[in-house]
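Novice:
Chains as they are written, first to last, in the numbering used here: chain C, 1 to 292; chain Z, 293 to 615.
Okay, structure coming up:
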């Protein structure tokens, strides 16, 4: 398999992880108008918590099955997100800038907390044994674990789509996005929706952090490596749009991986080009709507 | 007004003779740091406080100056060429930065600037053939304007003080000029400003360039102060620190960013002597200030002072004064 194809496989995998991360980010931004700058940190927190539970961290002697650890990481991060939303962001309702700065402050605290607990050494998480083989599709050789990640991302995308477009909860969320005051008037508890969406977004980020760990490993700085990627995806795809996050994630991961391989020194710069072009041609993003 | 003026003259006199009453080189260096960070904070305050545009990527712009100066010096040019070229490249970079980021306002602007800042950081980190990557670039010497070497802490302090006063003067003129008023107008009522015939984008764009100029001043001082530049200076933490200076001191005032710069630099130096976890403390202070004194320490204490004095004179006006 030549380099181009290996890169393609890696890009698709990273795209799946990015989608899990950025869809939550985009949802939170779409509903609450907060760019949650802790999102990269939630990703890293999920990775650390999951890795610890799965027995990969040398400091703790716990070991539970991989997927159970993934679930636990998602729940733990969701609970943390819920606390932040309820007790800090809620108090600052309406003051958007204050909310952004608070999320940034919390991001720094999480980064330093993780450094304190898990030290600066990267933690390697092993792929679950049953998923270590490869699958072949003609010329493409796909490690099974990477395939699983992509399948999970697609399932999550489908579930999120059904949730938003086909359920009562989704209808309420869409109503609250369009016109929170009016939604309140007709009896939708918008503040409760905020918490639900925030927890959901946090859970997705934490989950993605852990299932991405066998590929990306877990290290200090993972948070601010992922946050700009999520930002660029959302800027490119359009805020609040699920389809935008999906398409944007894969686009960005291809640009990122190929950029890194062919222009290693300018990888970040290459990443920035699609964003610049998008901002100049279509500031609302690929699938974003013009803000009312 | 006269009270303010007296306070300014006293502060100026204290700063002018500072090396004679400060107990040692260490403290003189800290004051230099406070002064150039104050210039940086003023640069960001122009955007945050007067333009309503929160830039979270300014450390990247700051880094453009630092690296341009360092690389130009490394190529064998003199200090004058390096500094002028540094400022020119920064302004050009800031123009691109502004054109991209100003496609959005409010939170959109913040997100784009954050991404741009991270990209500049990534460039400094990865573009090893130019920036020497994580190892950074060292500067051989400090400049010697008019034959006066800036090698000693005291000499560098005076150079910093001159640049600081010049920047403060520029910022004062800027915010009190009709252009400053139109910038505040675009912050509060962009649609009406547009209807009045102002080119909102152009006003913001020019404000960004002015901010870029002040940033370049601060960065030049920074790179000569440390005689070293590494990607660390461009990190998101660095951008956030300066935004914290502005927010903690009070955005939209000229004194606020200076007080904020002093606060953060002193805290950082004092705290790092006792604890390792400066970032944790930075985050916690950030959260505390935003939650408890959202308008910043300078306007916050002014409000408290007014409230306290009014309470003594006219108890009836209590509620109005507090609100």
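C-beta atoms are modelled at their ideal positions from N, C-alpha and C, and glycine is treated no differently.
These numbers were taken from a predicted model, which means no experiment stands behind them.
Closest to residue 582 of chain Z by C-alpha separation, out of Z:551, Z:525, Z:381, Z:537, would be which residue?
Specialist: The shortest C-alpha separation from residue 582 of chain Z is found at Z:537.
Novice: Looking at residue 374 of chain Z and residue 383 of chain Z, is the spacing between their C-beta atoms short of 8 Å?
Specialist: It is not a contact, given that the beta carbons lie outside the stated cut-off.
Novice: Enumerate, from N- to C-terminal direction, the unbroken alpha helix (DSSP H) stretches of 4 or more residues contained entirely within the region 115–184 of chain C.
Specialist: Complete alpha helix (DSSP H) runs here, min 4: 144–166, 168–178.
Novice: Please classify residue 347 of chain Z: does DSSP put it in a helix, a strand, or coil?
Specialist: Of the three classes helix, strand and coil, the one that applies to residue 347 of chain Z here is coil, per DSSP.
Novice: What residues from the region 257–277 of chain C come within 8 Å of chain Z, judged by C-beta to C-beta, listed N to C?
Specialist: Going along the region 257–277 of chain C in chain order, one finds 264, 265, 266, 267, 268, 269, 271, 272, 275, 276 with a Cβ nearer than 8 Å to chain Z.
Novice: Would you mind reading off the limits of the alpha helix (DSSP H) that contains residue 64 of chain C?
Specialist: Per DSSP, residue 64 of chain C belongs to no alpha helix (DSSP H) and is neither H nor E.
Novice: Spell out a yes or no on whether the region 41–53 of chain C and the region 237–252 of chain C are touching, meaning 3 or more CB-CB pairs, one atom from each, closer than 8 Å.
Specialist: These segments do not touch.
Novice: With residue 297 of chain Z as the anchor, note down where its alpha helix (DSSP H) starts and where it stops.
Specialist: Taken as a continuous stretch (DSSP letters only), the alpha helix (DSSP H) holding residue 297 of chain Z covers 294–308.
Novice: Consult DSSP for residue 190 of chain C and reduce its assignment to one of helix, strand or coil.
Specialist: It is helical.
Novice: Go through its chain and collect everything with a Cβ distance to residue 311 of chain Z's Cβ below 7 Å, but skip five positions before and after it.
Specialist: Correct list, in chain order: 320, 446, 449.
Novice: What did DSSP end up calling residue 610 of chain Z once you bin it into helix, strand or coil?
Specialist: Legend: pLDDT at residue 610 of chain Z = 44, less than 50; position of this residue unreliable, value from coordinates given subsequently. Here residue 610 of chain Z sits in helix by DSSP.
Novice: In chain Z, which residues lie less than 7 Å from residue 98 of chain C when you measure between Cβ atoms?
Specialist: Within 7 Å Cβ-Cβ: 582, 586.
Novice: Mind pulling the chain C residues with CB within less than 8 Å of residue 418 of chain Z?
Specialist: What residue 418 of chain Z touches in chain C: 264, 265, 266, 267, 268.
Novice: Given a threshold of 16 other Cβ atoms within 10 Å of its Cβ, counted over all protein chains shown, does residue 593 of chain Z qualify as buried or as exposed?
Specialist: It is exposed - the Cβ of residue 593 of chain Z has fewer than 16 other Cβ atoms within 10 Å.
Novice: Mark residue 137 of chain C as exposed unless 16 or more other C-beta atoms lie within 10 angstroms of its C-beta, in which case mark it buried.
Specialist: By the neighbour-count rule (16 or more Cβ atoms within 10 Å), residue 137 of chain C is not buried but exposed.
Novice: Could you compute how far the alpha carbon of residue 129 of chain C sits from the alpha carbon of residue 162 of chain C?
Specialist: Using only the alpha carbons, I get a separation of about 32 Å.
Novice: Thinking C-alpha only, which one of C:207, C:250, C:196 is nearest residue 90 of chain C?
Specialist: Nearest option by C-alpha distance: C:196.
Novice: Between residue 230 of chain C and residue 40 of chain C, how many whole angstroms is the CB-CB distance? I'm expecting something under 8 Å.
Specialist: The Cβ separation is near 7 Å, so the contact holds.
Novice: Please list, in chain order, all residues of the same chain as residue 267 of chain C whose beta carbon is under 8 Å from its beta carbon, the five residues on each side excluded.
Specialist: Closer than 8 Å at Cβ, skipping near neighbours: 256, 259, 260.
Novice: For a cutoff of 8 Å on Cβ pairs, would you count residue 235 of chain C as touching chain Z?
Specialist: So yes, residue 235 of chain C belongs to the interface.
Novice: In chain order, which continuous runs of the alpha helix (DSSP H) of length 4 or greater are located wholly inside the region 8–77 of chain C?
Specialist: If we require 4 residues or more, the alpha helix (DSSP H) runs fully inside the region 8–77 of chain C come out as 39–53.
Novice: Check distances from the C-beta atoms of the region 547–577 of chain Z to those of chain C and list, in chain order, the residues that come in under 7 Å.
Specialist: Under the 7 Å Cβ criterion, the region 547–577 of chain Z contributes 569, 571, 572, 574, 575, 576.
Novice: Just mark residue 295 of chain Z as buried or exposed, buried being the case when its beta carbon has 16 or more other beta carbons within 10 Å.
Specialist: It is exposed - the Cβ of residue 295 of chain Z has fewer than 16 other Cβ atoms within 10 Å.
Novice: Under 8 Å between beta-carbons, which chain Z residues line up against residue 252 of chain C? List them in chain order, please.
Specialist: The contacting residues do not exist; residue 252 of chain C stays about 11 Å from chain Z at best.
Novice: How big is the Cα-Cα spacing for residue 300 of chain Z and residue 463 of chain Z?
Specialist: For residue 300 of chain Z and residue 463 of chain Z, the distance between alpha carbons rounds to 16 Å.
Novice: What's the gap between the Cα of residue 467 of chain Z and the Cα of residue 550 of chain Z?
Specialist: Approximately 15 Å between the Cα atoms of the pair.
Novice: Could you run through the region 88–120 of chain C and flag, in chain order, every residue whose CB is less than 9 Å away from some CB of chain Z?
Specialist: Cβ contacts with chain Z: 88, 91, 92, 95, 96, 97, 98, 99, 100, 101, 102, 104, 105, 106, 107, 108, 109, 110, 111, 112, 113, 115, 116.
Novice: Between the Cα of residue 376 of chain Z and the Cα atoms of Z:330, Z:511, Z:315, which residue gives the shortest distance?
Specialist: Comparing Cα-Cα distances from residue 376 of chain Z to each of Z:330, Z:511, Z:315, the minimum goes to Z:511.
Novice: With three or more C-beta pairs closer than 8 Å as the rule, is the region 569–585 of chain Z touching the region 521–535 of chain Z?
Specialist: At 8 Å Cβ cutoff, the stretches touch.
Novice: What residues in its chain sit with their C-beta under 8 Å from that of residue 523 of chain Z, if we drop five residues either side in the sequence?
Specialist: Contacts found: 355, 413, 416, 417, 423, 425, 426, 428.
Novice: Three Cβ pairs or more, each shorter than 8 Å: is that satisfied between the region 469–487 of chain Z and the region 313–328 of chain Z?
Specialist: With a cut-off of 8 Å, the region 313–328 of chain Z and the region 469–487 of chain Z do not count as touching, because too few Cβ pairs lie within range.
Novice: So which of Z:408, Z:346, Z:313 has the shortest CA-CA distance to residue 98 of chain C?
Specialist: If we check each option's Cα against that of residue 98 of chain C, Z:346 comes out closest.
Novice: Between residue 232 of chain C and chain Z, is any beta-carbon pair separated by less than 8 Å?
Specialist: Yes, residue 232 of chain C counts as interfacial toward chain Z.
Novice: Please classify residue 419 of chain Z as buried or exposed, where buried requires at least 16 other C-beta atoms within 10 Å of its C-beta.
Specialist: Result: buried.
Novice: Under a CB-based cut-off of 8 Å, is residue 356 of chain Z close to chain C?
Specialist: So no, residue 356 of chain Z is outside the interface.
Novice: So what's residue 430 of chain Z in DSSP terms, helix, strand or just coil?
Specialist: Correct three-state label for residue 430 of chain Z: strand.
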